[in-house]
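A short worksheet on the structure shown next.
In my numbering, the protein residues as written are 118 to 593.
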């Protein structure tokens, strides 16, 4: 990515040709709107002379004049030393940031920044951008720790028009820094990853916040997450990664009920390393929850007494949430897990983990739709099931689940059963089976099982994925 000065104006001949063309005779307002439609539909434009808007200034004088007098063309900018950009030029990036701000005028500004290489060459870019923090509308940054600190200092002085903030730092932070949300009255989306920021609400609610993702400060506690849920009454998506050992305490401060109502919450991701996530779930009421992902890694699956998880079933009973997607990797007994599934008749996507207890033989057998009792089938609407860290000896059980839930080409699925009982027709919606591994293991032989092979030929999707990342990524 490189910013290029405009160079000489187009020749007289090219200017005449442009003026004689249909595009050259269009009124300013029409041509200006057409130029705006040339911007990327997804993402932000770069300063490259090969794409709009800079390209539009290099066609002819008329187009150049229209482009330069259309401030919204210059209000969004993508800069950085991306891995794919081998010719990153920090000086020209800084010049582009300055020039685009001038051309954007009083428009609200949006930036996407990616600076990941060693050194401080990127400082000129931030010097050009930071003074205009009160005009920021959207800011995304993948930045080193020092740059994160500069961003924090700028927005802490107020960013009254900021609607979207996403800061992705590095893993060098050992503690968090308070980020007062009071200065962002229009903020609706907040993503903080490995940057050391922790939003502080004090007594001020954030009614416009719809999405909050927090990942990466070792001293962030469940109490901090509780404050987010408490002060964001319209929150729809919340994801958190917690390593602190401090238990949840703020629930005792509830005045009218022992449950915190989060009526608009639709997606909850919670990854906990040192304590029990059930502490938060046990005091949360989220009747509109649609997607739930929980991971507790505090025991590391060591030998010893099993830490039960009764809070899951209690949460479903209390809230009445009709989940469509669930991914649970916690210390939970087989009975507790099956009892929880009974409260999820609308579930269409489920992920099971072999390192936990959600992939026991009893659970796998229960997920098989039996022809003798179709009226008691558990999670009958299931369309996609993921088996994480599965073991080869469970391939037969997985195949039984697939055959009993695969609807065939016509969706009736009445021709195949896993027992010698007469075939019975019931609604079958399974469309996809995913096998996920977090270590290099021998590929599963499930696709070679004759019944499964027949299902695959009819259209069943069976995929094997080697995933290097965390099981839970705390993203929207």
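Backbone N, C-alpha and C define an ideal beta-carbon position, used for all residues, glycine too.
The straight-line gap separating the alpha-carbon atoms of residue 459 and residue 332 is approximately 32 Å.
Straight-line spacing of the CA atoms in residue 412 and residue 436 works out to 20 Å. Excluding residues up to 5 positions away in sequence, 284, 286, 312, 313 lie with their Cβ nearer than 7 Å to the Cβ of residue 265 in the same chain.
Bounds of the beta strand (DSSP E) holding residue 549 are 549 to 554. Between residue 278 and residue 352 a beta carbon distance of about 21 Å is seen, past the 8 Å cut, so the two are scored as non-contacting. For residue 523, the pairing in a beta bridge is given by DSSP as 547. With 16 or more other Cβ atoms inside 10 Å of its own Cβ, residue 197 counts as buried.
Taking a C-beta distance under 8 Å as the contact criterion, residue 363 and residue 399 do not qualify as a contact pair. Distance between residue 433 and residue 338, taken at the CA atoms: about 24 Å.
As the crow flies, the alpha-carbon of residue 325 is around 6 Å from that of residue 303.
In this structure, DSSP gives residue 349 a state outside helix and strand, which the three-state scheme calls coil.
Under the three-pair Cβ rule at 8 Å, the stretch 544 to 556 counts as touching the stretch 497 to 507.
Residue 496 is not a Cβ neighbour of residue 547, given a cutoff of 8 Å. Looking at the DSSP output, residue 255 bridges to 227, 281. For residue 209, the enclosing alpha helix (DSSP H) covers residues 207 to 221.
Exclusion of the five residues before and after residue 357 leaves 331, 342, 387 as the residues of its chain whose Cβ lies within less than 6 Å of its Cβ. Distance from the CA atom of residue 431 to the CA atom of residue 425, rounded to whole angstroms, is 13 Å. With a contact defined as Cβ atoms closer than 8 Å, residue 184 and residue 173 qualify at about 4 Å.
For residue 393, there is no enclosing beta strand (DSSP E), since its DSSP letter is neither H nor E. Residue 329 carries a strand assignment under DSSP once its states are collapsed to helix, strand and coil.
With respect to residue 207, residue 238 sits close: the two C-beta atoms are nearer than 8 Å. In this structure residue 152 touches residue 187 by the C-beta definition: roughly 6 Å separates them, less than 8 Å. In the assembly as shown, residue 142 is an exposed residue. Its beta-carbon has fewer than 16 other beta-carbons within 10 Å.
Around the beta carbon of residue 310, a 10 Å sphere encloses 16 or more other beta carbons of the protein chains shown; the residue is thus reported as buried.
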